[in-house]
Amino acid sequence: MIEVKKKENESSLSLLRRFSQRVKKSGNIIRAKKLRFSSRPASAKRKKDSAIRRVLKKKEKELLRKLGKID
Numbered sequence: 045m046i047e048v049k050k051k052e053n054e055s056s057l058s059l060l061r062r063f064s065q066r067v068k069k070s071g072n073i074i075r076a077k078k079l080r081f082s083s084r085p086a087s088a089k090r091k092k093d094s095a096i097r098r099v100l101k102k103k104e105k106e107l108l109r110k111l112g113k114i115d
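Rendered as structure tokens:
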């Protein structure tokens, strides 16, 4: 937990700025964003299927390149 105490003759804006700097340095915001936008890892079957799809697409592209249909 981050705590910031007001100093003598300190304005509320500078106190707020000091607090926000401490929060940024602590890394809590970055950690929360990573948790919020994290996705589940792909299953083994899905990984295999996508790898096979990539290989087939590459072979097809090479064939079209040999035939001169694409550059």
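45 is the number of the first residue of the sequence shown in the numbering used here; add one for each residue after it. Even for Gly, the Cβ is constructed at its ideal location relative to N, Cα and C. Computed from a prediction, not measured in an experiment: that's the story for all the values here.
May I ask you to report which of helix, strand or coil DSSP gives residue i?
i, result
"Phe63", "helix"
"Lys55", "For clarity, residue 55 is Ser in the given sequence; the question names Lys instead. Residue state, collapsed to three classes: coil."
"Lys101", "helix"
"Glu47", "coil"
"Ile114", "coil"
Going by C-alpha to C-alpha distance, which of the options sits closest to residue i?
i, options, result
"Val48", "Lys89, Phe63, Ser58", "Phe63"
Give me the Cβ distance between residue i and residue j, rounded to the nearest whole Å; I'm assuming they're in contact under 8 Å.
i, j, result
"Ser70", "Ile46", "6 Å"
"Leu59", "Lys68", "The Cβ separation is near 15 Å, so there is no contact."
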